[in-house]
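Those letters in the sequence shown? Residues 1 to 591, by full-length UniProt numbering.
Every residue gets a Cβ at the ideal spot worked out from N, C-alpha and C, and that includes glycine.
Shown next, in structure tokens, is the structure this report addresses.
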Amino acid sequence: MVKARYTTMRAGSRAAAVHLRYLQRDGVTRDGAPGQLYSATSDRADGSAFLDRAEGDPRQFRLIVAPEDGPQLSDLRSFTRDLMHQVEQDLATQLDWVAVDHFNTGHPHTHIVIRGVDELGENLVIAGAYLAHGIRERASELATIELGPETTVEQQQKLSREIDQERLTRIDRALLREAGETVDGIVDTRATRNGRHADSDRHLRIGRLQVLQRLGLAQETDTGCWSLKPRMEQTLRHLGEQGDIIKTVHRAMASQKVQRGAEQIVIHGKDEAIAAPIIGRLLGRGIGADELGDRLHLVIDGIDGRAHYIELPTGVMSIETIPIGAILEVGAAGREPRAADQNIAHLAEANDGIYRVANHLAAAHADRGIVDPDAYVEAHVRRLEALRRAGLVERVDADHWRIPTGFEQSATLHDAGRSPAGSLRVLSTLDLEAQIASDGATWLDRQLIGRDRMPIAMAGFGVEIEAALEQRRRHHIAHDDARWDGKGRVFYRRDLLATLEGRELARLGEEIATMRDQPFRLATRGETIRGTYRETVQLASGRYALIENAKEFLLVPWRPVIERSLGRDVVGLVTEGGISWQLGRDCGLGL
């Protein structure tokens with residue numbers, strides 16, 4: 001079996017790098033080690049160098065070669081090199097390619113990635129028919145040379161194993177060809193057809209047709225005469241893909257010692273809109289079901305008691321950096337309005353739909369909690385500029401902005417529309433066990449005090465969450481952050497989350513200060529900070545950016561928009577529960 005496709009390469013996209021990294025992920029060799037790239041001349045190919053050479057290529061070709069008798073081949077790597085040498089001869093050009101062998105399924109197979117240019121640097125063109133059939137025929141010839149021709153008995157045994165499979169098989173292709181050769185599209189299995197099929201073939205076809213009938217894909221219209229349902233091929237391909245996905249989910253669950261029944265597995269289609277956010281712990285991740293495209297999959301053990309399989313574009317987030325066991329939320333884009341949008345809407349509502357910069361500036365100066373009112377209001381103006389370019393608000397003059405009815409909802413939908421349909425948010429990088437004893441503000445704490453509390457099913461992962469919540473509750477009582485009232489109720493410290501977050505920041509800040517030999521200071525609300533963005537620090541309370549200046553360093557909430565400024569000078573305004581970065585007109589605003 002050979003699966004092949006080409007993918008268009010886009011400037012600045014990291015999809016090709018992500019795909020190559022996943023091909024080399026842990027657990028794909030016979031001993032469970034990471035996969036090793038190789039090429040025509042090297043047993044240890046450099047993936048980074050290959051990607052550097054491919055920079056600017058218009059496309060990339062990707063193959064999966066799965067010899068049916070792969071375990072019997074003496075050396076899959078040598079087989080792949082012989083195949084690619086034959087492909088080069090057929091195309092009359094040398095190819096720049098890397099490959100990796102996988103042994104993590106029942107059938108050993110090889111992933112091959114080919115640059116989209118020939119030896120002269122011109123665009124590489126491969127005919128569709130050669131991609132669809134020619135490479136497979138060359139691979140079959142090489143396997144036959146090494147293993148010898150298949151006997152009739154071996155062929156019959158292999159076909160017999162295909163009878164019950166819920167996927168497109170060679171028998172199905174033969175049936176479809178036969179139906180296409182007749183006027184009425186009928187497959188005739190009667191023995192009176194002048195020996196058109198041998199008895200063994202006839203029994204195979206009848207057995208397969210009976211299975212297709214159980215699947216609702218064939219119907220016996222008369223004795224020995226069968227009609228095939230429209231879209232039978234597409235349905236069987238879909239069933240095969242679904243079967244592969246279910247195996248992937250079971251492997252992910254087995255690796256984390258999680259057991260869920262078949263009725264508790266939910267497979268979300270590629271283009272399926274996620275109606276309600278899916279929250280749970282990450283059990284596994286990898287490339288998409290077809291293993292050729294630029295989509296990645298997640299297996300999430302949901303708080304609804306079910307295991308979810310979801311595919312997302314590579315651009316959603318660096319999924320490969322999220323640790324197994326982390327708590328995730330998928331489908332969270334645009335659920336809540338931004339704080340800045342709420343402020344703008346409130347001020348405009350009090351002024352007949354007009355937001356006035358002067359009014360906001362006066363209110364900010366009157367608020368003693370805002371250290372830098374000018375920067376605070378300027379952050380709101382930059383937000384309005386971004387929404388003006390999207391056509392959501394109107395700029396009357398430098399001081400006046402016309403804000404339409406339903407502005408908050410429109411701005412929220414705009415933000416959601418800029419994100420992939422299956423947006424991803426990491427609620428906690430810590431698993432439940434690590435959260436129980438953490439000194440920071442954890443996801444469990446947000447569940448305990450009722451903020452962002454989601455309904456948790458008393459099944460599957462939900463049972464483990466309830467047990468962890470009880471242990472976390474006792475942890476707070478033991479550390480004087482909560483108390484029993486004697487009537488079975490628990491009262492938590494006022495501003496528990498802020499207290500825990502400040503406590504963790506202070507502890508970690510002092511540890512980093514010792515290592516860096518530089519003072520640490522906590523930022524205050526309304527303060528404008530300036531410095532160089534040095535690195536990202538992951539805490540139980542969330543992800544923070546380390547900002548360094550000549551006198552000290554600070555830890556402030558991280559936002560995706562700042563990542564492109566690593567190692568550069570940044571300016572930001574600390575706001576209620578977040579920070580607004582001033583990174584230039586093209587970078588936008590994070591609140």
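Taking C-beta to C-beta, are residue i and residue j nearer than 9 Å?
i           : j       : result
His-109     : Leu-23  : no
Gly-460     : Gly-331 : no
Pro-323     : Ala-411 : no
Leu-91      : Asp-118 : yes
Ser-428     : Ile-327 : yes
Leu-496     : Asp-481 : yes
Leu-204     : Leu-159 : yes
His-479     : Ile-436 : no
Ile-547     : Arg-534 : yes
Leu-175     : Val-183 : no
Gly-240     : Arg-167 : yes
residue 600 : Leu-573 : Since the displayed the chain opens at 1 and closes at 591, residue 600 lies outside it and no answer follows.
Thr-532     : Val-570 : yes
Val-357     : Tyr-309 : no
DSSP on residue i, reduced to helix/strand/coil?
i           : result
Ser-13      : coil
Ala-4       : strand
Asp-341     : helix
Asn-194     : Note that Asn-194 scores a pLDDT of 45, beneath 50, so its modelled location is shaky and nothing firm can be said.
Ile-547     : strand
Gly-148     : coil
Arg-418     : Because the pLDDT at Arg-418 is just 48, under 50, the model does not fix this residue reliably, and the value given afterwards should be weighed accordingly. It is helical.
Ser-580     : strand
Ala-311     : Ala is not the amino acid found at residue 311; the sequence shown has Glu there. In the structure shown, Glu-311 sits in a strand (DSSP, three-state: E or B).
Thr-321     : helix
Leu-573     : strand
Ser-227     : strand
Leu-589     : In this prediction, Leu-589 has a pLDDT of 41, which is less than 50 and means its spatial position is unreliable; what the coordinates show is noted afterwards. Of the three classes helix, strand and coil, the one that applies to Leu-589 here is coil, per DSSP.
His-400     : strand
Arg-425     : strand
Thr-221     : strand
Leu-444     : helix
Val-266     : strand
residue 593 : The shown model of the chain, from 1 to 591, leaves out residue 593, and the question about it has no answer.
Gly-334     : Residue confidence for Gly-334 is low, a pLDDT of 48 falling below 50, so the modelled location carries little weight; the figure read from the coordinates is stated next. Correct three-state label for Gly-334: coil.
residue 595 : As shown, the chain starts at 1 and ends at 591. That puts residue 595 outside it, with no answer to give.
Asp-69      : coil
Kindly indicate which residue of the options has the alpha-carbon position closest to the one of residue i.
i       : options                            : result
Leu-76  : Phe-61, Leu-91, Ser-39             : Ser-39
Phe-50  : Val-113, Ile-562, His-250, Asn-549 : Val-113
Val-98  : Asn-104, Met-84, Gln-89            : Met-84
Gln-242 : Gly-134, Asp-290, Thr-524, Leu-347 : Asp-290
Arg-285 : Asp-222, Glu-311, Gly-224          : Glu-311
Leu-283 : Asp-431, Val-87, Ser-541, Leu-573  : Asp-431
Val-18  : Arg-388, Asp-294, Phe-407, Ala-339 : Asp-294
Gly-134 : Leu-555, Met-454, Trp-443, Ala-4   : Ala-4
Asp-52  : Glu-88, Ser-74, Arg-14             : Arg-14
Rounded to the nearest angstrom, what separates residue i and residue j at their Cα positions?
i       : j       : result
Gly-269 : Leu-217 : 22 Å
Ala-345 : Ala-506 : 36 Å
Gln-36  : Val-28  : 9 Å
Gly-567 : Glu-470 : 42 Å
Gln-165 : Ser-78  : 31 Å
Ala-129 : Gly-440 : 59 Å
Arg-138 : Arg-208 : 29 Å
Asp-96  : Asp-57  : 12 Å
Met-458 : Ala-540 : 25 Å
Val-377 : Ile-303 : 40 Å
Ala-307 : Phe-61  : 33 Å
Val-249 : Gly-325 : 15 Å
Val-211 : Arg-170 : 14 Å
Arg-383 : Asp-372 : 17 Å
Leu-361 : His-400 : 13 Å
For residue i, count the other beta carbons within 10 Å of its own beta carbon; 16 or more makes it buried, fewer makes it exposed. Which is it?
i           : result
Ser-580     : buried
Ile-145     : exposed
Pro-34      : exposed
Ala-16      : buried
Asp-101     : buried
residue 594 : This structure gives no information on residue 594, because the portion of the chain shown stretches from 1 to 591.
Leu-522     : exposed
Met-253     : buried
Asn-343     : buried
Thr-152     : exposed
Met-1       : exposed
Glu-563     : exposed
Trp-484     : exposed
Hey, is residue i's beta-carbon within less than 9 Å of any beta-carbon in chain D?
i       : result
Gln-471 : Absent from the structure: chain D. Only one protein chain is present.
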